[in-house]
Each structure stands twice: as structure tokens, then as C-alpha cells.
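Chains as they are written, first to last, in full-length UniProt numbering: chain W, 1 to 276; chain R, 1 to 436.
Even for Gly, the Cβ is constructed at its ideal location relative to N, Cα and C.
Treat the numbers as computed from the prediction; the structure is a model and nothing was measured.
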């Protein structure tokens, strides 16, 4: 029987957890607070944690100066699109590696992961040229493909890890009951791995939403997502910190809300199979 | 029947021609995020009224991101942008590469001779004007008149570095958290190296000799760095090695700097509504050492057309409008003369209304005091006042900037920093094939 933790120990653990959470969340909190300050208050020295003159002016300015809904919609389409396409490719791939491994499966997995080690800028010019030539530049489809390919190794790796936790005998039983490969994956494997698939999906949406290098480089006016929206408010000369903070807050808010409501699913998926 | 057919045919042709005449050309303008550019986006109705057949789409990006995207597009001949906002650093390099369209054929009413000679010179390569200046700036001394008066000093209109040191010593009051002088210390080719390179010009230093040999081992650079480090260590703010334009602006606006030597564009900020010392600011030319060159830089955000653009005529119409005399009058009529993009046209400074703007004359004098084609006391093989217009300079400037910033932070001596800079720049110039 597990020994109950002492109240003191529980208190200390709780305090430590809150402290760590606060440290991690502090930059986001600071950004949100700054977005409601005047520009002068935003850069005051020493820093003003709570401003004397709160304002919504930054949000008004940012909203009126940019077509936020367009950037937002582009972000939604690109992140969800790349995630769904990635899952459609990754689920069968991870299934085959987990349940029908070959001699080179491990090497293949390592090779896929190694593609993530290459700096993005190394393929900037080739990818830029390819996108130009085949008409994918500044299109949502182009970015869906690019981000799907960027994140595919991570999706396959995560799904592979989850699938490995599922006993092969269950799939065997389904096969003996006459299930086709399609039925086996769709009706047996997928429901069992749903927490893992859901957390992979959420993580991939977050990665795609936050991606800035490719989304800024491969777009101009039509397909630019919220990363480009933020970049348009950054300036080296002049005080635009409060406006930049407001733009950043508007950009991360949707994904923050999504993360908040799906945190249970996310944690469950990320710790799937961690304790046996 | 024949007549009907002919009439129908004629009507079809007329409609087709009318359609072609009304066909809209869309141009994409890549720009940085600064107040003048944002203001222009708000005044586009005037452009559309004059050019109903042209539609303008904007891509606004942070300066370095813009530079990277535009460079990639231009180098690959992508043609994604029709008008580029670029600086005086890019124009000589890109113009030489043939990446930009010559603007020598702008209409006579554009009055190209009205452009300030120093700015025009920085945007011209082999007789071709490759970019039209939208906004120009130099650097100057901004100082606290009240503190100078309290110290019993008067700031000359054209001070020397000795004047600056004397004033900094007199105005420094650590008890009241007032630093005599605030200067850039944050590492970067456009941060501390913009200031230090311009400053070194007034000390007789140069980045390279006529044969591209690095010159950081010469006494002029030692004099520059020694003076800068002493000035900042004795009279500068704490943590100055982290301070760039925005940090110093904040310090000055909060009354914590006696002097600030930086971009002329800062004048409108330090006298603006966010400044606590708005009515106490005086202006003077950047300092010199009596060698014939002042420590001020020259920069212009300009509009250029990449040769890969497939809408060059429409792009030219836009550039013509945005950098014309009429545009300056349009801004003045809507937002007041103080908000007109400065530093591009002689006629602006001859306008009696604009002369009332407190920093107008000093901005003009500062711009006129810089010559990008002869920036240093000794001869050099490059163009550029606070930069060297070669593709390698961004990397070189940042490397040397980090070394000098570390010296300001006390992590190395001036001699060590100069030796390190000399070695780093020599290696890079050898690798790039400039020297053996």
C-alpha cells in the first residue's frame, strides 16, 4: 500500500510546482500585462509590474492597422491542414513500424529524426525556388505541405511510441475475426491509441501555429499567418513594445485557449505508457 | 445583317479595350515597420485617386526579416515584390549586381535635383539612381539644456569630442541617477557599430585601407575605442553594453541622460508626448576632432524596384508618388509639418513652415555633414559612413560589435578587443578573397 504523503511534503511539492509554473508562465504574463500599458509605461525603468494607466489603445491600433481575421484564418487552415495531412501519413507509417517491423525499422526511424537536425536555412534557397517554380509560394497549400513535412518525423516518432504500448495480440485477434487492414487500423488501433493521437495532433497544431521561419519566408500577402502578423509590429527604432505585445497576445490567445481546454488530453497522451 | 454583325463586333472590341484599360495591376510593397511607413499606408486614398488602375498590397516586416526575405527573393529572381524598402547599405551592393531598376527616367516634375545631395549620392551607383529616398536621417547630439545651464556650460552648435567629455563630466550626477552621456553599446552592425564606425571616422580611423587591409591595429582605432570606453565607463549608464536605440531613448525620455548621440529621428521622440524632458532638449551636430570629419552617420530608407518585378511601370508610379514633393505636402496637410518624412528634399528645408520644426535645421546640417562616398579622413575603397557597403559587412560588423560590446562590459581591454577584431576581420577578408 502506498504511504500517504505528509501535509508538509504536499505543501512543499505544491509550492515548488507553482513556482516552476510561474517562472515558465511569467514571460507570457509579462507580455499580456505590457499589452495593456502605454508605450511609456511599457519601457519604464525600473519596470512597472502594474501600470498606473491601463489602456486598450494598443489592441485598437493593432486591430485597425492589420487584417487580423485573415492572418488568423490562414493560421487555422495551415496548422490544422498540416496536422491532418501529417496524421493521415503518419498513422499507417507508425503502424507498420510498430507492428510489422523490418530489419531496418530502427535505422529508418533514426534517419527520419536526423532530418530534424538539419538547420532550416540550409534548404531555404532550394525550397524557395521549388515553391516559386511550381506555384506554391504564398499559398496555404504550400505551407500545409511544408509544415507537414517539417513535423512528420516527430508525428511518426510519437505515434510509434504510443503504438508500441498496445499489445499486438489485440490486433491479431481482430485479424482472426476477419478484420481487414483498414478496419484493424480504423476500428481497433485508432480508438485504443486515441489519447496518443490526440496529444500528437495538439502538439503538432501548436508547432505549426508557432512556426515562424518558413511561414514568414514562404509568404507575402495571401497566405501569411499570425507569425507574419507579429513580425509586422516589430521595429528597431521607436517604441512599439506595447503594440508588439498586443499583437503577440492576439496571436497566441487562440492556441493558449486550445491548450487550456485540452490540457488533460495533452498530459494523458504525453504520459501514455510512462508508468507500467 | 452585315451591319448588325459589324456593330456587334465593334462593340465587343470596344468593351475588350475598355476592359484592358480598366485592368488592375497589383503591386506588392515590402516595407519596414516605422511611423512614416505606417502613415503612408493611411494616405493611400490619394494614390488610388490618381492611379485607380493600380492596387497596392503591403508586406510589413521587421527590418532584419525584411532584409532576409527580400535578399532571398531578389537573389533567386523570385519577383514576389514590386517595390522594396531598402537602406543605404543595400543600394550600392544591389545596384552593382544589377538587381535594381534604374530610376533615372522618373518624370521631370519629380525634380530629382531637389533630392539632398548626400542622400542622392548614397543611392546612386555609376550615375544611376537605384532608389528614391522616402526618409533620410543622420545622427546628432541631443542634450539637456537645463543640465548644461546648471553646470554653467554652453553646448556649441558643432562640438568637439573634448566638449562632449567635459559636458558629460559636468552633468553626471550618480545620486540623482543622471548619466552624463548615453551611447549605444548593444552588439550589432546596425547598433553599436553604426555609432562606433561613424565615431571612428572623426578620429581619422577607417575599417580598411585602399587595399582592403583591416585597420584595427592602427592608432586611430585605439584612440576611438579608448575614448569611447573611458567616456562610457566614467559617465555612461550601468549596463550600457545592453543599450541600443530603444533603451537609450527610454533613459533619455526619463531624464536619465545628459546627452545622447543618436539618430536624428529620435528628435521627434525626445520632444514628443512620452518624454518627461520634452521642453528641455537642445540639439547639436555630432562631435569631431578637428580632422575634417564628424562622427555622424547617414541613412535613408528608400524605395527601389527589383529587376525581377513584372509590374515595373506601376511600381515606378508608386515610387514617384510616395517620394514626391506632393506627398510631403499631403502629409503636412493631414498630420502637420513635424510629421513629414524628413531628410530627403532640399525644398522641404526651404519651406518656412517646416523651418519652424525645432530639429529641422540640425537634421539638415547633420545630413549635409556626411558624405558616403568619402566618409573618412584617409582614403578608403568603400562607400558608406557607418557601414562598409560590401555583402560581408553584416557579419563582420556584428562580430566586431560583439567584441567591442564585451570590452564595454569589462570582459576585455581595449587592446585585447582591437587585436581580436583585427584577427577576426583579417580572417574573414582572406576567406572572402579581398586579401591574400
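Rounded separation between residue i and residue j - CA only
| i | j | result |
| --- | --- | --- |
| residue 190(W) | residue 307(R) | 53 angstroms |
| residue 7(W) | residue 16(W) | 14 angstroms |
| residue 231(W) | residue 35(W) | 16 angstroms |
| residue 140(R) | residue 264(R) | 6 angstroms |
| residue 90(W) | residue 43(R) | 50 angstroms |
| residue 149(R) | residue 258(R) | 11 angstroms |
| residue 375(R) | residue 268(R) | 27 angstroms |
| residue 424(R) | residue 400(R) | 8 angstroms |
| residue 103(R) | residue 213(W) | 33 angstroms |
| residue 262(W) | residue 254(W) | 12 angstroms |
| residue 173(W) | residue 94(W) | 20 angstroms |
| residue 289(R) | residue 193(R) | 19 angstroms |
| residue 106(W) | residue 266(W) | 26 angstroms |
| residue 30(R) | residue 139(W) | 18 angstroms |
| residue 164(R) | residue 60(R) | 38 angstroms |
| residue 145(R) | residue 280(R) | 5 angstroms |
| residue 22(R) | residue 28(R) | Low per-residue confidence applies at residue 22(R): pLDDT is 49, beneath 50, and the placement is therefore not dependable, though the value from the model is reported in the following sentence. Between residue 22(R) and residue 28(R), the C-alpha separation is close to 19 angstroms. |
| residue 431(R) | residue 392(R) | 10 angstroms |
| residue 209(R) | residue 380(R) | 6 angstroms |
| residue 324(R) | residue 332(R) | 13 angstroms |
| residue 156(R) | residue 248(R) | 22 angstroms |
| residue 365(R) | residue 160(R) | 16 angstroms |
| residue 76(R) | residue 126(R) | 24 angstroms |
| residue 385(R) | residue 49(R) | 39 angstroms |
| residue 32(R) | residue 99(W) | 53 angstroms |
| residue 338(R) | residue 354(R) | 7 angstroms |
| residue 418(R) | residue 48(W) | 39 angstroms |
| residue 153(W) | residue 112(W) | 5 angstroms |
| residue 222(W) | residue 228(R) | 48 angstroms |
| residue 221(R) | residue 179(R) | 25 angstroms |
| residue 277(R) | residue 55(W) | 23 angstroms |
| residue 162(W) | residue 155(W) | 11 angstroms |
| residue 123(R) | residue 429(R) | 25 angstroms |
Residues sharing a beta bridge with residue i, DSSP
| i | result |
| --- | --- |
| residue 58(R) | 29(R) |
| residue 93(W) | Per DSSP, none; premise fails for residue 93(W). |
| residue 262(R) | 140(R) |
| residue 445(R) | Nothing can be reported for residue 445(R): it is not among the residues displayed for chain R, which extend from 1 to 436. |
| residue 160(R) | 288(R) |
| residue 272(R) | Bridge partners of residue 272(R): none, in fact. |
| residue 282(R) | 143(R) |
| residue 124(R) | 129(R) |
| residue 85(R) | 303(R) |
| residue 214(R) | 208(R) |
Integer-rounded CB distance, given that residue j should sit under 8 angstroms from residue i
| i | j | result |
| --- | --- | --- |
| residue 216(W) | residue 69(R) | 7 angstroms |
| residue 233(W) | residue 249(W) | Contact flag wrong, Cβ pair sits at about 11 angstroms. |
| residue 186(R) | residue 405(R) | 7 angstroms |
| residue 158(W) | residue 200(W) | 5 angstroms |
| residue 204(R) | residue 377(R) | 4 angstroms |
| residue 138(R) | residue 367(R) | 5 angstroms |
| residue 142(R) | residue 47(R) | Incorrect: roughly 34 angstroms between the Cβ atoms, too far for contact. |
| residue 305(R) | residue 100(R) | 7 angstroms |
Interface partners of residue i on chain A, CB under 7 angstroms
| i | result |
| --- | --- |
| residue 129(W) | Absent from the structure: chain A. Protein chains present are W and R. |
- Query: At a Cβ cut of 9 angstroms, what residues of the region 33-48 of chain W count as close to chain R, listed as they run along the chain?
  - Reply: From the region 33-48 of chain W, only 38, 39, 40, 43, 44 and 45 have a Cβ closer than 9 angstroms to chain R.
- Message: Along the region 205-222 of chain W, where does the CB come closer than 8 angstroms to a CB of chain R? Name the residues.
- Response: 216, 217, 220 and 221
- Output, in sequence order along the chain, the residues in the region 257-290 of chain R whose CB is closer than 9 angstroms to any CB in chain W. 263, 265, 266, 269, 273, 274, 275 and 276
- Quick one, which residues of the region 72-86 of chain R are near chain W if we go by CB-CB under 9 angstroms, in chain order? 72, 73, 75, 76, 77, 78, 79, 80 and 81
- Query: Which residues, taken in chain order from the region 61-75 of chain W, show a beta carbon closer than 9 angstroms to some beta carbon of chain R?
  - Reply: Here the close residues are 65 and 66.
- Query: Whole alpha helix (DSSP H) runs in the region 407-435 of chain R with 4 or more residues, listed along the chain?
  - Reply: 414-431
- Message: Short of 9 angstroms Cβ to Cβ, which residues in the region 34-47 of chain R face chain W?
- Response: 34, 35, 38, 41 and 42
- chain R contacts made by the region 132-150 of chain W, where a contact means CB separation under 9 angstroms: 132, 137 and 138
- Item | Contact residues within the region 330-362 of chain R, judged by C-beta distance below 8 angstroms to chain W | none
- Query: Can you list, in chain order, the residues of the region 55-66 of chain R whose Cβ is nearer than 7 angstroms to any Cβ on chain W?
  - Reply: 57, 59, 60, 61, 62, 63 and 65
- Output, in sequence order along the chain, the residues in the region 394-415 of chain R whose CB is closer than 8 angstroms to any CB in chain W. none
- Message: Counting only Cβ-Cβ distances shorter than 9 angstroms, please list the residues of the region 229-251 of chain R near chain W, keeping chain order.
- Response: For the region 229-251 of chain R, the beta-carbon criterion of a distance under 9 angstroms to any beta-carbon of chain W is satisfied by 244, 245, 246, 247, 249, 250 and 251.
- Query: Residues in the region 97-126 of chain W with C-beta within 8 angstroms of chain R's C-beta atoms, listed in sequence order?
  - Reply: 124 and 125
- Whole runs of the alpha helix (DSSP H) within the region 159-211 of chain R, excluding any shorter than 4 residues: 161-171 and 192-202
- Jot down the residue ranges of each uninterrupted alpha helix (DSSP H) in the region 108-163 of chain W, minimum 4 residues, whole runs only, in chain order. 124-133
- Hey, which unbroken runs of the alpha helix (DSSP H) at 4 residues or more fall wholly within the region 7-93 of chain W? DSSP runs (the alpha helix (DSSP H)) wholly in the region 7-93 of chain W: 7-35, 39-42 and 57-65.
- Task: Output the residue ranges of the alpha helix (DSSP H) runs that lie fully inside the region 234-265 of chain W and measure 4 residues or longer, sorted by chain position.
- Result: 241-261
- Starting from the N-terminal side, write out each stretch of the alpha helix (DSSP H) that is 4 residues or longer and does not extend beyond the region 312-352 of chain R. Qualifying alpha helix (DSSP H) stretches, in chain order: 312-322, 325-335 and 346-350.
- Message: Residues of the region 243-274 of chain W in Cβ contact with chain R at a cutoff of 7 angstroms, in chain order, please.
- Response: Here the close residues number zero.
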